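Below is one structure, written out as structure tokens; comments come after it.
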Amino acid sequence: MILISEILFFTSHHGFYTVILLFVFFGLLSYLTKKAWFLIPIIPLAILNGFGGQFINAWFLNKYGVESTAIITSDVETNSTLNEMYIHDYEAIVKKQDGKYISTFFSTTTASIYPIENAIRIPQTEVSFPVKYIPGYEKNIVILYNQSDEGQANLKYSKLAPVNSAKIKYEADRTNKEFIEEYIAALEEYVKHYDDETYKEKIKELQLELKELK
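Residue numbers (this note's numbering): 338 to 551.
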């Protein structure tokens with residue numbers, strides 16, 4: 338597991354050198370065997386690593402790693418951009434199982450984050466956040482963003498969005514049964530995840546209103 342983690346760390350953090358190694362390895366293999374088809378995997382593997390290296394690393398570490406915490410100690414904005422946003426270079430320290438810390442690094446484009454999604458979410462500096470790694474090679478980490486305080490706050494905000502939308506419709510027309518039902522459904526979905534007595538009472542009020550309209 339340690340060797341796999343080391344390989345994935347290298348390939349996800351050093352894409353250019355990974356491509357060179359692919360050319361060297363398959364080129365040498367093709368030369369020694371006199372078989373040109375050994376050159377075929379180079380381009381597909383290079384593309385796969387370029388677009389999905391950090392995703393493969395994130396899946397592996399989340400599946401087989403152990404939980405710990407890390408703290409970002411440095412956040413430096415670079416001159417390079419991704420989707421019109423500046424890429425950042427980060428330095429961090431990771432807490433090992435013995436309680437001691439080890440240094441690591443990553444960037445906006447190389448960070449491994451779980452859950453895997455089309456978004457790059459990096460925790461703030463100087464704040465402890467949950468990670469996973471393979472013991473013995475702690476510098477290769479996956480950020481468990483949704484388990485962090487920042488991630489939990491974002492999740493709660495996203496769960497509130499349907500509630501707020503339904504509330505606006507309801508307050509615009511309190512006699513619209515469809516709006517009341519939508520508001521109730523949104524509140525019920527929210528309280529499945531967050532125990533909010535105010536919203537539970539609101540559900541009861543809305544259910545009574547709906548009965549009166551029927």
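From the three backbone atoms N, C-alpha and C, an ideal C-beta is built for every residue, glycine too. Computed from a predicted structure; not experimentally measured.
Neighbour-count burial assignment, residue i, 16 or more Cβ in a 10 Å radius
i	result
Phe353	exposed
Ile450	buried
Thr418	exposed
Ala498	exposed
Lys469	buried
Phe388	exposed
Residue i and residue j closer than 8 Å at C-beta
i	j	result
Ile517	Leu547	yes
Tyr427	Ser444	yes
Gln391	Ala456	no
Bridge partner(s) assigned by DSSP for residue i
i	result
Ser411	Glu428
Tyr438	Lys432
Ile450	Ile480
Thr418	Tyr423
Cβ-heavy atom distance, residue i to the ligand SAH, below 7 Å
i	result
Pro472	The ligand SAH is not part of this structure, which contains no ligands at all.
- prompt: Within the chosen definition, does the region 471-478 reach the region 410-420 through at least 3 CB pairs nearer than 8 Å?
  reply: no
Three CB pairs or more closer than 8 Å across the region 492-508 and the region 523-530: yes
Which runs of the alpha helix (DSSP H), 4 residues or longer, sit entirely within the region 454-519? 486-509
Next on the checklist: Does the structure place the region 394-413 close enough to the region 431-441 that three or more beta carbon pairs sit under 8 Å?
Outcome noted: The region 431-441 makes contact with the region 394-413; the number of CB pairs closer than 8 Å reaches 3 or more.
| With a cut-off of 8 Å, do at least 3 Cβ pairs link the region 369-376 to the region 457-465? | no
Exercise. Taking the runs of the beta strand (DSSP E) that are 3 residues or longer, which of them lie wholly in the region 377-406?
Worked result: Whole beta strand (DSSP E) segments, 3+ residues: zero.
**Asked** What are the start and end residues of each continuous alpha helix (DSSP H) run of 4 or more residues lying completely inside the region 514-550, in chain order?
**Response** Segments of the alpha helix (DSSP H) lying fully in the region 514-550: 514-530, 534-550.
Inter-stretch contact (C-beta, 8 Å, three-pair minimum) for the region 507-515 and the region 480-491:
no
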